[in-house]
Amino acid sequence: MLKKTVVTFVLVLLLLQQNTSAVLAQSEDNPLSCGKGFWTPGIDIVAIEGLSGTIINSQESHTISIDFYSEVNFPEYYLRIDTPGNSSIYTDRISAESNGSDKYKTTFVINDLLALAAFSTTEARTYTVTFFANRNNRFDEMCEVGNYVVKPQEIQVDLNNPDRYCGIYDDSTFECVAMDGTKYPSENHNLCSNSQYGCCSKAYLSLTNNVCPSEQIRGCGTLVGSDCRTSDNKYIKNYSSCTSRPNVCCFKDDLSSCPAPGEPAPEPVVGCGTWVGGTCKTADGKFVRDPRGCVTDTTQCCSNGSMPTSCTEQTPTPQPTPVINCGQLVGTSITEMCKIGDELLGPRNYYACPTNRECCRQSTQCTPLNEDPATSPNPNENNNPADDVVDPPFQGPTVATFNALNPLIIGNSEYAVHLSTPGGIVSRFLIFAFPIAGLILFGMLVWAGFEILAGASNQKSLDAGKQRATAAIVGFLLLFASYWLMQIVEVIFGISIL
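My numbering puts the sequence shown at residues 665 to 1162.
Here's what the structure looks like:
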């Protein structure tokens, strides 16, 4: 009896093992089998689009689509894309679209700028793509879709907008931070010399014969290491340090702007002025903060966000003249006309409404019979319900609030999605519960065997050993049966517990 029980237990454990082998091929004749086990349904991928081509860095989104067969349409799917540098990109969780009998299609759209920047490159890169599906209220790793090489592409660069591709080198992250905030990793930029910028992207330099922009910025700035930078972080070439203030630097021809001994450094002000080289100065010689050129006069400049209308030449939007649709009947019954505002309409150009001598251009504009014209909406007015703004009700913490505090999400853990729900936590525990229960069962059976062998001449010891073996087997079977009972309840009632 004991041997049969042990053999049965080993066979059950072997049957529960999932078949994780997969051949990386995608076609109708040779699909990629993902996540299939003896007790677990999986999928067969037959087509993948959107990963093997190149991606232009100026596009706003990128689409990845996967066609597959499956006996079960799982609720949600997502992709994890492992990029160079041990970082991962996660797509949104989406549902699959049915394309026929047991055939489905998932379309993942990548809009995140950092994710698109990971694909946009001037050098060949390899990405590992993993497909996940929500099975039993938790996301399981189905399989790796494959390794894809993104080849260098012909980058579309606007040479008239260097602020998008050139900026300041951040030595803490080894990135080139463009003036508009775009970040280029170390492999995608080169440092600049004799330029108002500290670095530029390789894509930009590939079209300028590796020559950085060299506009001469004038005025004064602050010494940052060995660089002289203006308030908007542009570099001043051919500068000299001010004798009175060693931390202040100015263009060699603008040293007259250096502060006198004891005076503070010239701080930029918010306002308007005139362009002096690449610097915007007020009438009293102060520098203008974050200057932008005026549309009406190219010699004038103002701080960004503080431009007057005379500088931007903003033409006010003309307001449409309201159209009056209804009025009152005037005249006698023979010469009756409809007066709408200052306009008189003849009999063929208006509709006489049934109440209060009202007349309108069309019958649908008349006041309904069951409404009082004094209280009914005015047909000449545009009653917009959106004008009545109601304060939204108070809302407490949301899922996003708790996700921001989740250390697994903050640490980019691969179990962040699995352990986001109580069912996921229980399911994760069950992965370890069955092996632990099996070890306990094995230990109890060995203990019972020793009791039976040691007390062969003692009926009480024999009974104790048999009871211990029986209790161990029954306990394991109860644990196993309770798990599958929950699975049956989920199927019958259509709910997700584990």
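Even for Gly, the Cβ is constructed at its ideal location relative to N, Cα and C. Since this is a predicted model, take the numbers as computed values, not measurements.
Could you give the C-beta distance for residue i and residue j, rounded to a whole number, given that I count them as a contact under 8 angstroms?
i: ASN858; j: LYS901; result: 6 angstroms
i: TYR899; j: CYS892; result: 7 angstroms
i: THR1085; j: ASN801; result: 6 angstroms
i: CYS863; j: CYS884; result: No, CYS863 and CYS884 are not in contact; Cβ-Cβ is about 23 angstroms, not under 8 angstroms.
i: ALA1136; j: LEU1109; result: 6 angstroms
i: ASN798; j: PHE738; result: 5 angstroms
i: THR792; j: PHE772; result: Contact flag wrong, Cβ pair sits at about 16 angstroms.
i: THR727; j: GLY706; result: Between GLY706 and THR727 the Cβ distance is about 24 angstroms, and since that is not below 8 angstroms, they are no contact.
Confirm, please, whether the CB-CB distance from residue j to residue i is below 8 angstroms.
i: TYR833; j: ALA842; result: no
i: PRO932; j: ARG909; result: no
i: THR770; j: SER729; result: yes
i: ALA1112; j: ARG1132; result: yes
i: PRO695; j: ILE712; result: no
i: GLY699; j: ASP804; result: yes
i: CYS936; j: ASN989; result: no
i: THR999; j: CYS1017; result: no
i: LEU871; j: LEU823; result: yes
i: THR894; j: ASN911; result: no
i: ASN934; j: ARG953; result: First, the amino acid is wrong: residue 934 is Val here, not Asn. Taking 8 angstroms as the Cβ cut-off, VAL934 and ARG953 qualify as a contacting pair.
i: PHE1140; j: LEU1105; result: yes
i: GLY831; j: TYR861; result: yes
i: ASN852; j: SER865; result: yes
Who are the Cβ neighbours of residue i in its own chain at under 6 angstroms, not counting the five residues just before and after it?
i: PRO955; result: CYS944 and CYS965
i: GLN607; result: Only positions 665 to 1162 of the chain appear in the structure, and residue 607 is not among them; the question remains open.
i: SER958; result: The amino acid at residue 958 is misidentified as Ser; the sequence shows Cys. Once the five neighbours on either side are set aside, the close Cβ partners of CYS958 are GLN964 and CYS975.
i: ARG757; result: GLU740 and TYR742
i: CYS914; result: CYS884, SER921 and CYS922
i: ASP844; result: ASP827 and ARG828
i: LYS916; result: ASN902 and SER904
i: PRO763; result: With the sequence shown as reference, residue 763 is identified as Asn, and Pro is not the correct amino acid for it. Here the set comprises LYS769.
i: ARG1021; result: GLN992 and LEU993
i: MET806; result: CYS698, GLY699, PHE795 and ALA797
i: LEU680; result: With a pLDDT of only 36 at LEU680, under 50, the local geometry of the prediction cannot be trusted, and the value read off the model is given with reservation. So no residue of the chain qualifies.
i: SER1027; result: TYR1015
Does any C-beta atom of chain B lie closer than 8 angstroms to the C-beta of residue i?
i: ILE712; result: Here there is only one protein chain, and chain B is not present.
Quick one: residues in its chain with C-beta nearer than 7 angstroms to the C-beta of residue i, no 5 flanking neighbours on either side, listed in chain order?
i: LEU1142; result: none
i: ALA1128; result: GLU1115
i: ALA760; result: ASN737, TYR741, TYR768, LYS769 and THR770
i: ASN1013; result: none
i: ASN1048; result: Note that ASN1048 has pLDDT 48, beneath the 50 cutoff, so the model's placement of it is unreliable and the number below is only indicative. For ASN1048, where only same-chain residues beyond five positions count, there are no Cβ hits under 7 angstroms.
i: ILE1089; result: LEU1083
i: TYR1147; result: LEU1094
i: LEU1009; result: MET1001 and CYS1002
i: GLY995; result: MET1001
Using a Cβ-Cβ cutoff of less than 8 angstroms, which residues in the same chain neighbour residue i once the five nearest sequence positions on both sides are dropped?
i: SER725; result: VAL773, ILE774, ASN775 and LEU780
i: LYS1130; result: ALA1112 and ILE1116
i: PHE838; result: PRO849 and SER850
i: ALA1120; result: LEU1126
i: LEU1149; result: none
Problem set entry | Whole runs of the beta strand (DSSP E) within the segment 953-977, excluding any shorter than 3 residues | Fully enclosed beta strand (DSSP E) runs of 3 or longer: 955-957 and 964-967.
For this session: Report the residue ranges of all alpha helix (DSSP H) runs contained in full by the segment 807-880; include only those spanning at least 4 residues, in chain order.
Result: Unbroken alpha helix (DSSP H) stretches of 4 residues or longer found wholly inside the segment 807-880: 866-869, given in chain order.
Problem set entry | 3-residue-minimum beta strand (DSSP E) runs that sit fully inside the segment 1070-1111, ordered along the chain | none
Problem set entry | Inside the segment 730-756 only - beta strand (DSSP E) runs reaching at least 3 residues | You should have 741-747 and 751-754.
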